[in-house]
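Q:
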Amino acid sequence: MTDQASLVHHLDRSLVIKARRDTVFRFFTDPMRWAAWWGDGSTIEPRPQGVMRIRYPDGTEAVGEVVEVTPPERLVFTYGYARGTPVPPGGSLVTIILEEHPDGTELRLTHTFADASVRDQHLQGWRYQLSLFANVVANEVHGGVADAIDRWFAAWSEPDDGLRESAVRRIASSDVRMRDRFSAIAGLDDLLAQLAAVKRFMPGIQLRRQGDVRQCQGLALADWVMVTSAGEQRGGGTNVFELAADGRIVAVTGFWAAPSAR
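When we follow the numbering used here, the leftmost residue of the sequence shown carries the number 10, and every step to the right adds one.
Now the structure itself:
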């Protein structure tokens with residue numbers, strides 16, 4: 010391993026991931042999850058002196074050794090290339106720190122090099138790779154988002170007050186917010202009152218999801234239609250759902266489609 014005193018050129022990246030810290034940390038220490046964001050053939054042994062291996066799509070192989078593992082907050086490993094260039098094995102050092110954040114977890118990465126030009130060659134690589142990482146984590150954490158959204162729409166159609174409240178409390182946070190053409194909701198109690206009013210003034214109305222849910226890093230899009238009990242369509246649009254680190258819905262913004270589009 011290169012003398013750490015010579016690794017004076019820093020590459021720093023940080024991002025917030027909408028997932029709990031222990032969940033995020035598993036993607037750095039579980040070999041299958043490690044491969045999920047690096048690629049097939051990549052692996053890691055999460056212990057001091059454990060082997061770190063990254064196999065890029067073009068066949069390039071990065072290798073290293075784990076220096077430190079402190080769950081669920083810190084991972085340090087060396088990083089170099091099996092071919093020896095532009096960084097020899099052990100020729101640079103990666104430090105990953107995870108800190109709790111109101112929206113989930115803040116990830117801070119520092120990659121130190123002996124050469125500034127080599128550091129600069131890795132700027133876009135880490136920008137891209139951590140973007141993939143954020144999506145892989147979100148895909149696992151929010152794997153059940155379609156079911157949660159279906160239950161959200163079903164709550165607008167549920168005639169029983171008790172069942173409706175129980176369903177909403179399971180899928181939405183206590184400070185849930187909602188904005189659309191007819192709503193400016195802040196908090197779970199306000200939302201429940203709005204749902205009750207819908208059942209009172211629009212009896213028989215149902216909301217139904219149309220098409221697949223699209224999810225990216227804790228935001229989800231879902232198209233919907235509003236129909237009467239006789240099956241007559243009365244409107245529709247698209248909702249944007251913001252998801253918390255535990256998968257609950259924390260905010261919804263609804264965009265109604267123009268009448269001419271329906």
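Just so you know, even glycine gets a beta-carbon here, dropped at the ideal spot from N, CA and C.
The structure presented is a predicted model; accordingly, all values stated were derived computationally and were not measured.
Looking only at its own chain, which residues have a Cβ that is under 8 Å from the Cβ of Q242, when we skip the five neighbours before and after it?
A: Counting only Cβ-Cβ distances below 8 Å, and skipping sequence neighbours, we find V234, M235, V236 and R271.
Q: Which residue wins for smallest C-alpha separation from H19, given the options T79, T119 and L201?
A: Residue T119 is the option with its Cα nearest to H19.
Q: Check whether the segment 143 to 163 and the segment 211 to 230 are in contact - that is, three or more C-beta pairs closer than 8 Å.
A: The segment 143 to 163 is in contact with the segment 211 to 230.
Q: Looking only at its chain, what residues have a beta carbon closer than 8 Å to the beta carbon of D184, apart from the 5 residues adjacent to it on each side?
A: Once the five neighbours on either side are set aside, the close Cβ partners of D184 are A195, G196, L197 and V259.
Q: My guess is that W43 and F36 are in contact by the Cβ rule of under 8 Å, so how many angstroms apart are they, rounded?
A: Going by Cβ atoms, the distance from W43 to F36 rounds to 7 Å, so yes, they are a contact pair.
Q: Where do the N-terminal and C-terminal ends of the beta strand (DSSP E) with A149 fall, by residue?
A: Correcting the residue identity first, residue 149 is Glu in this sequence and not Ala. Here E149 belongs to no beta strand (DSSP E); instead the alpha helix (DSSP H) covers L132 to V150.
Q: In terms of residues, what are the limits of the alpha helix (DSSP H) holding S175?
A: Residues D170 to I180.
Q: Distance, Cα to Cα, L16 vs W265?
A: About 55 Å.
Q: Would you tell me roughly how many angstroms separate the C-alpha atoms of A28 and S175, rounded to the nearest one?
A: Distance between the alpha carbons of A28 and S175 is about 24 Å.
Q: Roughly how many angstroms separate the alpha carbons of R128 and L24, rounded to a whole number?
A: Looking at the two C-alpha atoms, the distance is approximately 19 Å.
Q: Have a look at the DSSP bridge pairing and note the partners of T104.
A: Answer by DSSP bridge pairing, in chain order: V85 and T119.
Q: Could you please give the first and the last residue of the uninterrupted alpha helix (DSSP H) stretch that includes D199?
A: Segment L197 to F210, the alpha helix (DSSP H) holding D199.
Q: Roughly how many angstroms separate the alpha carbons of S101 and L84, rounded to a whole number?
A: For S101 and L84, the distance between alpha carbons rounds to 14 Å.
Q: Sort out for me which residues DSSP pairs L228 with in a bridge.
A: Looking at the DSSP assignment, L228 forms a beta bridge with C225 and E251.
Q: Answer with buried or exposed for L107, where buried requires no fewer than 16 other C-beta atoms within 10 angstroms of its C-beta.
A: Buried: at least 16 other Cβ atoms inside 10 Å.
Q: For G220, count neighbouring C-beta atoms within 10 Å of its own C-beta (all shown protein chains included) and say buried if the count is 16 or more, exposed if not.
A: Exposed: under 16 other Cβ atoms inside 10 Å.
Q: How far does the beta strand (DSSP E) with S23 in it extend, from its first residue to its last?
A: Element bounds for S23: H18 to I26.
Q: Put S51 into one of helix, strand or coil per three-state DSSP.
A: Residue state, collapsed to three classes: coil.
Q: Can you give me the Cβ contacts of R257 inside the same chain, cut-off strictly under 7 Å, excluding the 5 residues immediately before and after it?
A: Counting only Cβ-Cβ distances below 7 Å, and skipping sequence neighbours, we find I180, A181 and S182.
Q: By DSSP, does S183 sit in helix, in strand, or in coil?
A: Looking at S183 - three-state DSSP - the assignment turns out to be strand.
Q: Report yes if the CB atom of L252 is closer than 8 Å to the CB atom of A229, and no otherwise.
A: Taking 8 Å as the Cβ cut-off, L252 and A229 qualify as a contacting pair.
Q: Could you say which of R178, L200 and G240 lies nearest to M187 if we only look at CA atoms?
A: Here the closest residue by C-alpha is L200.
Q: Pull up the CB-CB distance for E70 and V60, whole angstroms please, since I reckon it's below 8 Å.
A: That pair is no contact at about 12 Å.
Q: Using 8 Å as the threshold, is the C-beta distance between T104 and V78 below it?
A: No, the pair does not count as a contact, with Cβ atoms beyond the cut-off.
Q: Helix, strand or coil for R271? Go by DSSP, reduced to three states.
A: With a pLDDT of only 44 at R271, under 50, the local geometry of the prediction cannot be trusted, and the value read off the model is given with reservation. Three-state DSSP puts R271 in coil, outside helix and strand.
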